[in-house]
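Quick mapping for you: the protein sequence lines, in order, are chains A and B.
Heads up, the first sequence is in my numbering, so the first residue is 42 and it goes up one at a time.
Heads up, the second sequence is in my numbering, so the first residue is 17 and it goes up one at a time.
Ideal placement from N, C-alpha and C gives every residue a C-beta, glycine not left out.
In this text, all values refer to a predicted model and were calculated from it rather than measured experimentally.
Structure record follows, encoded as structure tokens.
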Amino acid sequence: MLANLSIHFPVLQVVVPLMAAPACLLLRQRGLAWGFAVLAMLVAFAISVALLYQVIAGGAISYALGGWEAPWGIEYRVDLLNAPLLMLVSGISAIALLAARTSIENEIPADRHTMFYIAWLLCTAGLLGILSTGDAFNVFVFLEISSLSAYTLIALGKDRRALWASYQYLIAGTIGATFILIGIGLMYVMTGTLNMADLAQRLPEVSSSRTVFTAFAFFMVGVCLKLALFPLHLWLPNAYAFAPSVVTAFLAATATKVAVYVLLRFVFSVFGYEFSFSHLPLQEILLVLGLLGIFAASIVAIYQTNLKRLLAYSSVAQIGYLILGISFANETGVMATLLHMLNHGLMKGALFLSLAAVVYRLGIAQLDQMHGLASRMPWTMAAFLIGGLSLIGVPLTVGFVSKWYLVSAALENGWWPVAALILIGSLLSVIYIWKIIEVAYFKPVSATTPDVQEAPLGLLLPMWMLVLANLYFGINTELTVGVSQLAAASLFGGAP
Amino acid sequence: MSEFGLFNYWVVMLLMMIGFYIVIAQGNLVKKLIGLTLFQTSVFIMYISLGKIEGATAPILIEGVTLYSNPLPHVLILTAIVVGIATTALGLALVVRIKESYGTVEEDEIHAKDESC
Numbered sequence: 042m043l044a045n046l047s048i049h050f051p052v053l054q055v056v057v058p059l060m061a062a063p064a065c066l067l068l069r070q071r072g073l074a075w076g077f078a079v080l081a082m083l084v085a086f087a088i089s090v091a092l093l094y095q096v097i098a099g100g101a102i103s104y105a106l107g108g109w110e111a112p113w114g115i116e117y118r119v120d121l122l123n124a125p126l127l128m129l130v131s132g133i134s135a136i137a138l139l140a141a142r143t144s145i146e147n148e149i150p151a152d153r154h155t156m157f158y159i160a161w162l163l164c165t166a167g168l169l170g171i172l173s174t175g176d177a178f179n180v181f182v183f184l185e186i187s188s189l190s191a192y193t194l195i196a197l198g199k200d201r202r203a204l205w206a207s208y209q210y211l212i213a214g215t216i217g218a219t220f221i222l223i224g225i226g227l228m229y230v231m232t233g234t235l236n237m238a239d240l241a242q243r244l245p246e247v248s249s250s251r252t253v254f255t256a257f258a259f260f261m262v263g264v265c266l267k268l269a270l271f272p273l274h275l276w277l278p279n280a281y282a283f284a285p286s287v288v289t290a291f292l293a294a295t296a297t298k299v300a301v302y303v304l305l306r307f308v309f310s311v312f313g314y315e316f317s318f319s320h321l322p323l324q325e326i327l328l329v330l331g332l333l334g335i336f337a338a339s340i341v342a343i344y345q346t347n348l349k350r351l352l353a354y355s356s357v358a359q360i361g362y363l364i365l366g367i368s369f370a371n372e373t374g375v376m377a378t379l380l381h382m383l384n385h386g387l388m389k390g391a392l393f394l395s396l397a398a399v400v401y402r403l404g405i406a407q408l409d410q411m412h413g414l415a416s417r418m419p420w421t422m423a424a425f426l427i428g429g430l431s432l433i434g435v436p437l438t439v440g441f442v443s444k445w446y447l448v449s450a451a452l453e454n455g456w457w458p459v460a461a462l463i464l465i466g467s468l469l470s471v472i473y474i475w476k477i478i479e480v481a482y483f484k485p486v487s488a489t490t491p492d493v494q495e496a497p498l499g500l501l502l503p504m505w506m507l508v509l510a511n512l513y514f515g516i517n518t519e520l521t522v523g524v525s526q527l528a529a530a531s532l533f534g535g536a537p
Numbered sequence: 017m018s019e020f021g022l023f024n025y026w027v028v029m030l031l032m033m034i035g036f037y038i039v040i041a042q043g044n045l046v047k048k049l050i051g052l053t054l055f056q057t058s059v060f061i062m063y064i065s066l067g068k069i070e071g072a073t074a075p076i077l078i079e080g081v082t083l084y085s086n087p088l089p090h091v092l093i094l095t096a097i098v099v100g101i102a103t104t105a106l107g108l109a110l111v112v113r114i115k116e117s118y119g120t121v122e123e124d125e126i127h128a129k130d131e132s133c
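Shown next, in the form of structure tokens:
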């Protein structure tokens, strides 16, 4: 029975959360809806784990939707590049959803909880859909499913500025998605196909035409808007700062990573390394914007006093590292990017969940209210500390592993100054993380610190799951490094 | 292709730029959404033009006709239109909520209210 079902895993991965969403609407009662949503996400997570092991054992899986063979039908394709990301997205979504029940008690009115879970499931389904589909137009549709539900989730924030942030994100996101749509349309008109593998075969024949260049340009700008590459990041800090805390944890850990995946997929698999890096100055553009992003966003982060906003800017900086890895245009660089996508998901998830606990008790994560908070909420702040160390890149955490490969990729190209800049960028993150640790651990409890208790278990458990994942994958790197290495090799011409 | 053959694409670009300009330049949230809709609609027209073949008819089997337009872009754009409607509806819903909590739909006034509190 399970063996028969396992053929359909690539599509079930998306369909389970997608169908669970309307089912939640029928359940109505918010406790039930939560339980059902968690169940659906756990099933999705189990499927993604099974898929990853299937891919490692037997190579890429191609699934013809409704039995219509590609390129006529829509193909779902799971390979080494997207299988670990499927696991990341479904895993983080499941863990953050576990924490959501407690966290949103104080942040969202009770009558909206059921709707909140529905939007959450739809958003997850959209993200998983982008990852597993092998069809260019399908990417656009799933992108809009995830974006529209993300706007809704952000607008549920309790501050009225959440509405404004959501509106700005909607405008920026729609422009990005429309650019992507133009890009896909122009690709179709030149090749007559929408299947990614088919596109990859037919694009080289027409690669000198201006239409293909235009398609590439529109597509890239659209994706960069979605992944918040500096200077197209303006929507991100407000959206993350004012969204409900668990939503921030979920989106920060997954949404931008999925956009980076789309970038990787189209630059390397669809347009091909030849086209992207030889005909166009993509390498220079990504290198400069990546570095600018790291420095500008890290420096702004140092001056923030709202912690959610601070970490949001830190996210923009981390996206800079991801883009930097791609700009090296060598195997180690892309591998570092893949690795950092997974690792950054784990650390930002842990950090934002610990902030969710702070917000749960204090109502707001403001630096001047956190004097000596570590004595009141020791477990929460310990989780924040470990997440912060991971963000900086201290050995024994996941952050160290990806920084290590990023620096070695820079050295492989002989770019000493870039390697030095990466290390200086890490020092900037030491400053902003230290600022918080100092206040929470070394300042005495002052009159401005509210008298609070440790966060409830419903928040601590999911938070520590992610913290332990940070440590586990920092020490036992076999799985993550191995898979990223193989995936990067396949992007550089090896058989996928 | 003759000059006239590119007419559709000139219109598309013109509409797209007008829409984009409204999104950037207008301070009124509803007008911004109108600009956004115009921007999206121009892409719909682009897709529809892509599928049209000169002298071809609608892709319905008729006796004696051999040349048909390509229906695929048209089908794709039906999906995109639905997405566009959803986006506009969500955007307008947000504007209603913004109006309720800020009492205005002008960008600069919203900024002023956020600064003061």
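Rounded to a whole number of angstroms, what is the C-alpha to C-alpha distance between Ala256/A and Glu116/A? 22 Å
So, does the CB of Phe178/A fall closer than 7 Å to a CB anywhere in chain B? yes
Do the stretch 449-459 of chain A and the stretch 392-403 of chain A touch if we need at least three Cβ pairs shorter than 8 Å? no
Distance between Leu414/A and Ile15/A (C-alpha atoms, nearest Å): Since the displayed chain A opens at 42 and closes at 537, residue 15/A lies outside it and no answer follows.
Within 8 Å of chain A by C-beta, residues of the stretch 109-130 of chain B in sequence order: Leu110, Val111, Arg113, Ile114, Ser117, Tyr118, Ile126 and Asp130
Given a cut-off of 7 Å on the beta-carbon distance, is the pair Val39/B and Thr219/A in contact? no
Got a sec: which bits of the stretch 248-267 of chain A sit with their beta carbon under 9 Å from any beta carbon on chain B, in order along the chain? none
Outcome for Tyr513/A when other beta-carbon atoms lying within 10 angstroms are tallied against a minimum of 16: exposed
Beta-carbon separation of Phe283/A and Arg153/A under 7 Å? no
So what does DSSP say about Arg118/A, is it helix, strand or coil? strand
Bridge partners for Ser134/A per DSSP, in chain order? In the DSSP output, where bridge partners are listed per residue, Ser134/A has none listed.
What residues of chain B sit near Arg202/A, judged by a beta carbon separation below 8 Å? Asp130
Beta-carbon separation of Pro63/A and Val119/A under 7 Å? no
Residue-level contact to chain B via CB, Gly226/A, 7 Å cutoff: yes
Met17/B to Thr95/B span [Cα, whole Å]: Any answer about Met17/B is weak, because its pLDDT of 49 lies below 50 and its placement is not dependable; what the coordinates show is given next. Each residue's alpha carbon lies about 29 Å from the other.
Near Leu172/A, what residues of its chain come up, given a Cβ to Cβ distance below 8 Å and the 5 sequence neighbours on each side ignored? Asn123, Leu126, Leu127, Val130, Val299 and Tyr302
Reference Ser249/A, options Leu266/A, Glu315/A, Ala191/A and Thr234/A, closest by Cα: Glu315/A
Proximal residues to Glu185/A (C-beta, below 7 Å), its chain only, five neighbours per side dropped: Ala218
At a Cβ cut of 7 Å, what residues of the stretch 51-83 of chain B count as close to chain A, listed as they run along the chain? Leu52, Phe55, Gln56, Val59, Met62, Tyr63 and Leu66
Alpha helix (DSSP H) segments (min. 4 residues) lying fully within the stretch 163-203 of chain A: 177-196
Which first and last residues belong to the beta strand (DSSP E) in which Tyr94/A is found? It is not in any beta strand (DSSP E) - Tyr94/A instead sits in the alpha helix (DSSP H) that spans Arg71 to Gly99.
Around the Cβ of His412/A, are there at least 16 other Cβ atoms within 10 angstroms (buried) or fewer (exposed)? buried
Run through DSSP, which three-state label would Thr295/A get? helix
Among the residues of its own chain, which have a CB less than 6 Å from the CB of Asp124/B, if the five just before and after it don't count? Gly43
CB-CB under 7 Å to Ala81/A, same chain, minus the five flanking residues each way: which ones, in chain order? Val57, Pro58, Ala61 and Leu162
Three-state secondary structure assigned by DSSP to Asn384/A: helix
Cβ neighbours of Pro491/A in the same chain (closer than 7 Å, five flanking residues each side left out): Leu403 and Gln410
Output the distance between the C-alpha atoms of Ala101/A and Leu121/A, rounded to the nearest integer angstrom. 7 Å
Trp445/A: which of Lys484/A, Thr193/A and Thr373/A sits nearest, CA to CA? Thr373/A
When you compare only the Cα positions, how much space is there between Met504/A and Ser134/A? 12 Å
Are any of the Cβ atoms in chain A nearer than 7 Å to that of Phe91/B? Before going on, a small fix: residue 91/B reads as Val here, not Phe. It does not; no Cβ of chain A falls within 7 Å.
To the nearest whole angstrom, what separates the beta carbons of Pro419/A and Glu495/A, a pair I think is in contact under 8 Å? 7 Å
Own chain partners of Gly428/A with C-beta closer than 7 Å, once the 5 adjacent residues on each side are dropped: Met388, Ala391, Leu392, Ser395, Val508 and Asn511
Pairwise C-alpha distance: Ala353/A and Thr103/B: 25 Å
Is it a yes or a no for the stretch 204-223 of chain A touching the stretch 276-291 of chain A, going by three-plus beta-carbon pairs under 8 Å? yes
Beta-carbon separation of Phe55/B and Met29/B under 7 Å? no
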